[in-house]
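What follows is one structure encoded as structure tokens, with my remarks underneath.
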Amino acid sequence: MPGESDKKTWEKERRGRIKEAFITLEKLLPSYDPSAVSTRINTLNKSIEYIQEMQNRVDELLKPNNKINTEVLQLKKLQDRIKRLLSRNELLSSLLREAKISIPNQGCTLKTFKYGYKWSGKISEKMAMSVQKKAVIQNEKENNSDKRELLKRSKPNKKIRIS
């Protein structure tokens, strides 16, 4: 039947459009994770939660006696994003290690020590500040003495007059 094959192709195209719409919707969500497989129901539920959250925020911000600082909200949002990115980064690096792919050392590198210092965790913030100030003063003294020595070397000892 010629009409039946048209219905099948039309239905296939319709399912494809719905699938693309769900993919686009999922990408717009802040909790989007391209490595995780998500169902359509899950995408709809996350979308509903996000829309409700945004509506609540709009209501709070539009209240006349609003005490919530927008900068604080933005800071919390950024902190949440940093946490998500760090966990995603950790996941990706563990996957790379499992696949025995070397991870390039670009960007920020953190030093990790095999053994902690004997005083680690046993010094107060006040003591740490005083130790840091002493180190800065010592460093400045060394720099000043080096500068004086260079100045002494650059000056000639005697002036010679040519008559």
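One point on numbering: in UniProt numbering, the residue at position 152 of the sequence shown is 152, and numbering is uninterrupted.
Think of the CB as a built atom: it goes at the ideal place given N, C-alpha and C, for glycine as much as any other residue.
Nothing here was measured: the structure is a model prediction, and the numbers come from that model.
In three-state DSSP terms, what is residue i?
| i | result |
| --- | --- |
| Val58 | helix |
| Leu29 | coil |
I believe residue i touches residue j by the beta-carbon criterion, under 8 Å. Please report the beta-carbon distance rounded to the nearest angstrom.
| i | j | result |
| --- | --- | --- |
| Leu75 | Ser47 | Incorrect: roughly 25 Å between the Cβ atoms, too far for contact. |
| Glu26 | Ser38 | 6 Å |
How long is the line joining the alpha carbons of residue i and residue j, rounded to whole angstroms?
| i | j | result |
| --- | --- | --- |
| Ser94 | Thr43 | 26 Å |
| Leu96 | Lys77 | 28 Å |
| Glu125 | Asn45 | 46 Å |
What residue range does the alpha helix (DSSP H) around residue i cover?
| i | result |
| --- | --- |
| Thr70 | Thr70 to Glu98 |
Pick out whichever of the options has its Cα sitting closest to the Cα of residue i.
| i | options | result |
| --- | --- | --- |
| Lys19 | Arg40, Ser5, Ser145 and Asp6 | Arg40 |
| Arg88 | Met54, Arg148, Phe22 and Ser35 | Ser35 |
| Ser31 | Met127, Glu71, Ile51 and Ile103 | Ile51 |
| Asp33 | Asn56, Arg84 and Met127 | Arg84 |
Does the CB of residue i have a neighbour CB from chain D at under 9 Å?
| i | result |
| --- | --- |
| Ile123 | The structure shown has no chain D; it contains just one protein chain. |
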